[in-house]
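There are 2 protein chains.
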Amino acid sequence: MKTRQWLLADHPRGRPLKDSDFTLVETEIADEPGPGQALAKVLWLGFDPAQKGWAENVADYVAPMKIGDVMRGSGIVRIVKSNTPRLKEGQLYAGLTGWTEWLITDGAGFEPVHPDLPPTAMLSVLGTTGLTAWCGLFKLGQPKPGDTVVVSGAAGATGSTVGQLAKVAGARAVGIAGGEEKCRWLVEEAGYDAAIDYKRENVRGRLKELCPRGIDVVFDNVGGSILNDMLGEIATGARVVICGGISRYETGTMPAGPENYFNLVFRRASMHGFIVLDWAAEFPAIRKRLAALVNEGKLAFRIDEQHGFENTPRTLMRLFTGENRGKQVLKVAD
Amino acid sequence: MKTRQWLLADHPRGRPLKDSDFTLVETEIADEPGPGQALAKVLWLGFDPAQKGWAENVADYVAPMKIGDVMRGSGIVRIVKSNTPRLKEGQLYAGLTGWTEWLITDGAGFEPVHPDLPPTAMLSVLGTTGLTAWCGLFKLGQPKPGDTVVVSGAAGATGSTVGQLAKVAGARAVGIAGGEEKCRWLVEEAGYDAAIDYKRENVRGRLKELCPRGIDVVFDNVGGSILNDMLGEIATGARVVICGGISRYETGTMPAGPENYFNLVFRRASMHGFIVLDWAAEFPAIRKRLAALVNEGKLAFRIDEQHGFENTPRTLMRLFTGENRGKQVLKVAD
Numbered sequence: 161m162k163t164r165q166w167l168l169a170d171h172p173r174g175r176p177l178k179d180s181d182f183t184l185v186e187t188e189i190a191d192e193p194g195p196g197q198a199l200a201k202v203l204w205l206g207f208d209p210a211q212k213g214w215a216e217n218v219a220d221y222v223a224p225m226k227i228g229d230v231m232r233g234s235g236i237v238r239i240v241k242s243n244t245p246r247l248k249e250g251q252l253y254a255g256l257t258g259w260t261e262w263l264i265t266d267g268a269g270f271e272p273v274h275p276d277l278p279p280t281a282m283l284s285v286l287g288t289t290g291l292t293a294w295c296g297l298f299k300l301g302q303p304k305p306g307d308t309v310v311v312s313g314a315a316g317a318t319g320s321t322v323g324q325l326a327k328v329a330g331a332r333a334v335g336i337a338g339g340e341e342k343c344r345w346l347v348e349e350a351g352y353d354a355a356i357d358y359k360r361e362n363v364r365g366r367l368k369e370l371c372p373r374g375i376d377v378v379f380d381n382v383g384g385s386i387l388n389d390m391l392g393e394i395a396t397g398a399r400v401v402i403c404g405g406i407s408r409y410e411t412g413t414m415p416a417g418p419e420n421y422f423n424l425v426f427r428r429a430s431m432h433g434f435i436v437l438d439w440a441a442e443f444p445a446i447r448k449r450l451a452a453l454v455n456e457g458k459l460a461f462r463i464d465e466q467h468g469f470e471n472t473p474r475t476l477m478r479l480f481t482g483e484n485r486g487k488q489v490l491k492v493a494d
Numbered sequence: 161m162k163t164r165q166w167l168l169a170d171h172p173r174g175r176p177l178k179d180s181d182f183t184l185v186e187t188e189i190a191d192e193p194g195p196g197q198a199l200a201k202v203l204w205l206g207f208d209p210a211q212k213g214w215a216e217n218v219a220d221y222v223a224p225m226k227i228g229d230v231m232r233g234s235g236i237v238r239i240v241k242s243n244t245p246r247l248k249e250g251q252l253y254a255g256l257t258g259w260t261e262w263l264i265t266d267g268a269g270f271e272p273v274h275p276d277l278p279p280t281a282m283l284s285v286l287g288t289t290g291l292t293a294w295c296g297l298f299k300l301g302q303p304k305p306g307d308t309v310v311v312s313g314a315a316g317a318t319g320s321t322v323g324q325l326a327k328v329a330g331a332r333a334v335g336i337a338g339g340e341e342k343c344r345w346l347v348e349e350a351g352y353d354a355a356i357d358y359k360r361e362n363v364r365g366r367l368k369e370l371c372p373r374g375i376d377v378v379f380d381n382v383g384g385s386i387l388n389d390m391l392g393e394i395a396t397g398a399r400v401v402i403c404g405g406i407s408r409y410e411t412g413t414m415p416a417g418p419e420n421y422f423n424l425v426f427r428r429a430s431m432h433g434f435i436v437l438d439w440a441a442e443f444p445a446i447r448k449r450l451a452a453l454v455n456e457g458k459l460a461f462r463i464d465e466q467h468g469f470e471n472t473p474r475t476l477m478r479l480f481t482g483e484n485r486g487k488q489v490l491k492v493a494d
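Here the protein sequences line up with chains A and B, keeping their order. Position in the first sequence counted from 1, then plus 160, gives you the working numbering. Position in the second sequence counted from 1, then plus 160, gives you the working numbering.
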């Protein structure tokens, strides 16, 4: 049978993504799954800034991507035909599908979607997004009740989850985002105590006002000058969690390193990087906690759903233009 | 009685030290110590890059320094007359004397010099220098046998101690220093396995050669491009200890922040700042271990002794020009 796929056509190293980085092809896959395999139809694709790093082929914590590979990415599938007990026909699963409409899989790495939540929750609050927020915040940031947690890229899928988890843990949450609408959403819907609009406001000055005793936990998705401003305002013993660096992706040039890193000395503070997959063994238990928080109404999430497989690369690009509102997904089929 | 003192005349903020930052004055102090006090004669002064930060008055982990204050610094004194049981007449003590030839003190913060080592050991390997090396390396860097430890500013008093302590702990030690003579000294005298001359060699390239499995512990005294190069070569799980940033002091402009900080993410690594005084309660126990290592011949140290109280500011400046060889001290009186 035939399926459409998006292949990687160029490594977008040190520059923004372009349409020509990906090529749409129609290719042939087996009509029937072999022994131990299943035929899966992709219903949604999920998008994450890390995908640009994969395409650049500089993120060496995952296997390299070569020109001509199906672009790597997560998705939700329905199993159409199964020769493996791991995947039940008619059921929905989440996993690394790649940018394809159909695939043959042995089910490795696929998880059934949560029965009580919409399927796309597995791409957002129960997926890498939510797990990243949980692990980065609780394993490294370790907020205590009364701590002030500041999150950059706070209106993104991970950032908005971090703020709410910080609130559940009894901390104060301050978010940094671009634009009035996002900032309003942070405070009114996502439970943040305060928001800073980096496009209109002086970030350093506002941090001083909003965090008079300093920042106990920094959760950075952005890098660049925003990370530097946050480092300038850390409290004694602060934990700085480096989750992402979207400012590294937006422009052709690498943003300057944070010259305020030396404040780690004056504040006896620490900065931590992490790869969430290192805690994969704990994902089932963490997913249960996240699902419970959603069901208790303590963890809201929003999905930005685009449509049409032909729009796949453009949908990824929305993450880097600030267009997306909440977790970016693409509906590929009903 | 009269004593000469060096007073702070200007805050050397964001620029190198100048002669005019300090003023030599002759001032009157009491001839006789009061009750609970002692009259002390300064024999040596010790110098540390942190003193520039104190004079700049930006290092807010210590009390601010005002124009006209006696410049803060460590020294070794002989007690000439004592009205306190804490300080014995004729004995030598180390403590914060300030830049003065004589002082009246109640003995707070003064420690007797070690009986088996030269008095200046209390300003170097048994002083803040050695304690900083010990605490930064073992409490934060935590080298394991077989780890590779890379130290910048390795020929400095702290750096040369770190390398030797790393060796004692079973790790490999690679030092970065400026100039052939310093690099030769690191390998031939200070027990480093290898040295990189940043003035002649490509630091990043040499790190790749010397640390093919990556750097497990970075101990940075320098900042700037050398820190950035080390961050580029860290191993998975690396600990980056920020001890100093002498490159911040050498030029009028703040060096760029380390843009390779994001490698902390790919390497699941961490970066730590510290103020050694936070571990003051442990200093007596750590000093015993350091003294034992010196006596066992496992911990060499060298003293760069200058002479004459009138040369005090110039002696501090030697730390920032790369002139000093080992711990910088000044002999003030016999």
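Using N, Cα and C, we set each Cβ at its ideal position, and we do this for glycine too. Note that this is a predicted model, so its numbers are computed, not measured.
Check                                                                                                                                                                                            : Outcome
Do the stretch 260 to 275 of chain B and the stretch 300 to 318 of chain B meet, that is, are 3 or more Cβ pairs less than 8 Å apart?                                                            : no
From which residue to which residue does the alpha helix (DSSP H) around GLU216(A) run?                                                                                                          : 210 to 216
For PHE434(A), go through chain B and note every residue whose CB falls closer than 8 Å to its CB, in chain order.                                                                               : VAL425 and ARG428
Is the stretch 306 to 314 of chain A touching the stretch 450 to 458 of chain A in the sense that three or more CB pairs, one from each, lie closer than 8 Å?                                    : no
Measuring only the C-alpha atoms, how far is LEU437(B) from LEU459(A)?                                                                                                                           : 42 Å
Give me, in chain order, the residues of the same chain whose beta-carbon lies closer than 8 Å to that of LEU203(B); leave out the 5 immediate sequence neighbours on both sides.                : GLY235, ILE236, VAL237, ARG238, LEU252, PRO279, LYS491, VAL492, ALA493 and ASP494
Across the stretch 336 to 350 of chain A and the stretch 312 to 325 of chain A, are there enough close Cβ pairs to call them in contact, namely three or more that are closer than 8 Å?          : yes
Report the three-state DSSP secondary structure of ALA281(A) (helix, strand or coil).                                                                                                            : helix
In its own chain, which residues sit with a C-beta less than 8 Å from the C-beta of HIS467(B), not counting the 5 before and 5 after it?                                                         : LEU490 and LYS491
Could you give the first and the last residue of the continuous beta strand (DSSP E) run that contains LYS487(A)?                                                                                : 487 to 491
How would you label SER430(A), buried or exposed, when you count the other beta carbons within 10 angstroms and need 16 or more for buried?                                                      : buried
If you reduce the DSSP assignment to three classes, tell me which class GLU249(A) lands in.                                                                                                      : coil
Less than 8 Å between CB atoms is the rule here; does ASP208(A) satisfy it with respect to chain B?                                                                                              : no
To be precise: take each residue of the stretch 164 to 194 of chain B, compare its Cβ to all Cβ atoms of chain A, and keep it if any distance is under 7 Å. Which residues remain?               : none
At the level of alpha carbons, what is the spacing between ALA416(B) and TYR421(A)?                                                                                                              : 10 Å
Please say whether LEU391(A) and PRO372(A) have beta carbons closer to each other than 8 Å?                                                                                                      : no
Can you look up LEU256(A) in the DSSP assignment and give me helix, strand or coil?                                                                                                              : strand
What would DSSP say about THR244(B), mapped onto helix, strand or coil?                                                                                                                          : coil
Below 8 Å between beta carbons: does that hold for ALA254(A) and GLY287(A)?                                                                                                                      : yes
Is the shortest distance between the beta-carbon of MET431(A) and the beta-carbons of chain B less than 8 Å?                                                                                     : yes
Could you give the distance in angstroms between the alpha-carbon of THR265(A) and the alpha-carbon of ALA198(A)?                                                                                : 5 Å
With respect to the beta strand (DSSP E) encompassing GLY290(A), which residues constitute its N-terminal and C-terminal limits?                                                                 : First-last for GLY290(A): 288 to 294, but that is the alpha helix (DSSP H), not the beta strand (DSSP E).
Which partner residues does VAL311(B) have in the DSSP bridge list?                                                                                                                              : GLY335(B) and PHE379(B)
What residues of chain A sit near ALA416(B), judged by a beta carbon separation below 8 Å?                                                                                                       : ALA416, GLY417 and GLU419
By Cβ distance below 8 Å, which residues in the same chain neighbour GLU261(A) in space, the five residues on each side in sequence not counted?                                                 : THR163, ARG164, GLN165, LYS201, VAL202, PHE469, VAL492 and ALA493
What residue does the alpha helix (DSSP H) around ASP464(A) start on, and which one ends it?                                                                                                     : Taken as a continuous stretch (DSSP letters only), ASP464(A) belongs to no alpha helix (DSSP H), being part of the beta strand (DSSP E) at 463 to 467.
Just to make sure I have the definition right: I need the residues of chain B whose C-beta is within less than 8 Å of the C-beta of ILE402(A). Which are they?                                   : TYR421, PHE422, LEU424 and VAL425
Determine the direct distance from the alpha carbon of GLY486(A) to that of ASP464(A), and round the result to whole angstroms.                                                                  : 6 Å
Taking SER320(A) as part of the beta strand (DSSP E), name the residues at either end of that continuous run.                                                                                    : It is not in any beta strand (DSSP E) - SER320(A) instead sits in the alpha helix (DSSP H) that spans 317 to 328.
In angstroms, rounded to a whole number, what distance separates the CA positions of LEU424(B) and PRO176(B)?                                                                                    : 31 Å
Identify every run of the alpha helix (DSSP H) within the stretch 347 to 394 of chain A, keeping only runs that are complete inside it and at least 4 residues long; order them along the chain. : 363 to 370 and 384 to 391
Let me know if ARG447(A) comes out buried or exposed under the rule of 16 or more other beta-carbons within 10 Å of its beta-carbon.                                                             : buried
Go to LYS201(B), then tell me how far its beta strand (DSSP E) extends in each direction, as first and last residue.                                                                             : 198 to 206
Between which two residues does the beta strand (DSSP E) holding PHE182(A) run?                                                                                                                  : 182 to 188
Using C-beta distances below 7 Å, list every residue in its chain close to THR318(B), excluding the 5 sequence neighbours before and after it, in chain order.                                   : THR289, THR292, ALA293, ASN381 and CYS403
Nearest to THR475(A) by alpha carbon, out of ARG173(A), THR187(A), GLY233(A) and PRO224(A)?                                                                                                      : GLY233(A)
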